[in-house]
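So the structure is just underneath, and the comments pick up after that.
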Amino acid sequence: MSTRDTLRTFIIDTFFVDDFADDDSFLRKGLIDSTGMMELVAFIETEFHIKLDDKELVPENLDSLSRVVAFVDRKQSLAKAS
Numbered sequence: 001m002s003t004r005d006t007l008r009t010f011i012i013d014t015f016f017v018d019d020f021a022d023d024d025s026f027l028r029k030g031l032i033d034s035t036g037m038m039e040l041v042a043f044i045e046t047e048f049h050i051k052l053d054d055k056e057l058v059p060e061n062l063d064s065l066s067r068v069v070a071f072v073d074r075k076q077s078l079a080k081a082s
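Position one of the sequence shown corresponds to residue 1 (the working numbering), numbered consecutively onward.
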């Protein structure tokens, strides 16, 4: 399963939402609240074996499916390069 599909399935199953576009803001659309964001972060760290630093916990990285996918892909590429 792709990164996008894995994350989309997690969001649908965990937050009981399925009608959202890849670029919809999780927070502005009310799809995921602040507690849910912490669940998403924990899932990302566990599922994709990457560690998120506090400074990375910003909307630019985590506020839509497309942003999360790009962020995870970037983190995994950096981990492979190390």
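Ideal Cβ positions, reconstructed from N, Cα and C, are used throughout, including at glycine.
Own chain residues within Cβ distance below 6 Å of residue i, not counting five before or after
i    : result
Arg4 : Val69
Sequence-distant residues of its chain with Cβ nearer than 7 Å to residue i (five each side left out)
i     : result
Ser25 : Asp63 and Ser64
Ala42 : none
Lys29 : Phe20
Ala79 : Ile50
Cβ-Cβ separation, residue j to residue i (assumed contact under 8 Å), whole Å
i     : j     : result
Ile50 : Gln76 : 6 Å
C-beta atoms of residue i and residue j nearer than 8 Å
i     : j     : result
Phe48 : Ile32 : no
Asp22 : Ser66 : yes
Backbone secondary structure at residue i - three-state DSSP
i     : result
Lys55 : helix
Val68 : helix
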